[in-house]
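Step one of this worksheet: look at the structure below.
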């Protein structure tokens, strides 16, 4: 069965048995370091593998053109109401630490050799950084794609934070009955990340930060007390803090994108991944951070 075959080489798309639970994994391409694409909150692997538009190569396929690339579905994640997670469900809510541990177990079960370059979108950036702190020898580089800054609860302040949680928590339209939908406490995850960042700061690896410039599209029924301008200002400050995690980090603002840079400006993400992969292969290629 495909689940019993170790997807260590060649193209692979299917379930991997992780301690008796099936997780969907997709890998393509050859070379090292292997790039692991980590989706944001409630997004499955298809956010990386689906062409963003006619004739446009998705990030996953493009990265697989110059090194090995893998991505996976976390339990309870989706592309949309007709594309649900292909991994076995788990009880919700769950913690960010559980997500990082699950990814480690998946890569171990699938015999995907590290160290890896982790490319992570939104809340996935927090998972990736927890992973790097917990398994430092397994991570050779990081690309944060409009990643969640753990300072957001403090940057927004109590009132705005409460409004944001109200805004982000409901199930997307058409998924109200999807009982397995991913649920993670952003506040608790942010607090844990802040503790981990203080205890085990990043060091000695290339870090590329990509941040959005266009205001994020808001869902309907936005709480009256929510300030989009305040949110955007807090997000920009949080992104600058992420870019300051390492002195030689590179930071680019995606001028044509809101939150989903991998869809709106995929070439920016592809180029950032390529730069980090090259830096792992040849550290002299990295140079000073381009702020």
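Residue numbers (my numbering): 647 to 937. Every residue gets a Cβ at the ideal spot worked out from N, C-alpha and C, and that includes glycine. In this text the structure is predicted, and so the values were computed from the model without any measurement.
* Straight-line gap, residue 758 to residue 751 (C-alpha atoms, nearest Å) -> 10 Å
* What is the DSSP secondary structure of residue 695, counted as helix, strand or coil? -> helix
* Quick one: complete beta strand (DSSP E) runs, 3+ long, within the stretch 789-850? -> none
* When the Cβ atoms of the stretch 866-884 are set against those of the stretch 827-840, are three or more pairs found closer than 8 Å? -> no
* Asked: So, residue 764 versus residue 777, is the Cβ gap smaller than 8 Å?
  -> Going by C-beta atoms, residue 764 is nearer than 8 Å to residue 777.
* For the 8 Å Cβ check, are there 3 or more pairs between the stretch 875-893 and the stretch 914-933? -> no
* Rounded C-alpha distance that separates residue 847 from residue 891 -> Residue 847 and residue 891: Cα-Cα distance of roughly 8 Å.
* Looking at C-alpha atoms only, which residue of 898, 838, 854 and 906 is the closest neighbour of residue 745? -> 838
* To do: Measure from the alpha carbon of residue 687 to the alpha carbon of each residue in 711, 814 and 840, then state which is nearest.
  => 814
* What is the DSSP secondary structure of residue 767, counted as helix, strand or coil? -> strand
* Other residues of its chain near residue 876: CB distance less than 8 Å, five sequence neighbours each side excluded -> Closer than 8 Å at Cβ, skipping near neighbours: 802 and 806.
* Other residues of its chain near residue 771: CB distance less than 6 Å, five sequence neighbours each side excluded -> 790, 793 and 794
* Within the stretch 728-785, note down every full beta strand (DSSP E) run reaching 3 residues or more, in order along the chain. => Every beta strand (DSSP E) of 3 residues or more that sits fully in the stretch 728-785 is shown, in chain order, as 762-767.
* Using beta-carbon positions only, say whether residue 694 and residue 841 come within less than 8 Å of one another. => no
* Put residue 857 into one of helix, strand or coil per three-state DSSP. => In the structure shown, residue 857 sits in a strand (DSSP, three-state: E or B).
* Asked: Taking buried to mean at least 16 other C-beta atoms within 10 Å of its own C-beta, is residue 769 buried or exposed?
  -> buried
* Work out the CA separation of residue 811 and residue 714 for me, nearest whole Å. => 36 Å
* Does DSSP classify residue 672 as helix, strand or coil? -> strand
* To do: With a cut-off of 8 Å on the beta carbons, I'd call residue 910 and residue 917 a contact; round off their distance for me.
  => Actually they do not touch by this definition, with Cβ atoms about 14 Å apart.
* Please work out which residues of its chain come closer than 6 Å, Cβ to Cβ, to residue 922, disregarding the five sequence neighbours upstream and downstream, and give them in chain order. => 763, 787, 789, 852 and 854
* To do: Pull up the distance between the alpha-carbon of residue 925 and that of residue 822, whole angstroms please.
  => 44 Å
* Compare the C-alpha of residue 820 against each of 682, 707, 728 and 679 and name the closest. => 728
* Quick one: what does DSSP say residue 712 is sitting in, helix, strand or coil? -> coil
* To do: Can you grab the Cα-Cα spacing for the pair residue 896 / residue 674, in whole Å?
  => 27 Å
* Indicate the three-state DSSP secondary structure (helix, strand or coil) for residue 909 in the structure shown. => helix
* Asked: Is residue 920 helix, strand or coil by DSSP?
  -> helix
* To do: Drop a sphere of 10 angstroms on the beta-carbon of residue 845, count the other beta-carbons inside from all chains shown, and report buried for 16 or more, exposed for fewer.
  => exposed
* To do: Using alpha carbons as the reference points, say which of 717, 857 and 832 lies closest to residue 671.
  => 717
* Distance CB(residue 601)-CB(residue 756) smaller than 8 Å -> Here the chain has residues from 647 to 937 only, and residue 601 is not among them.
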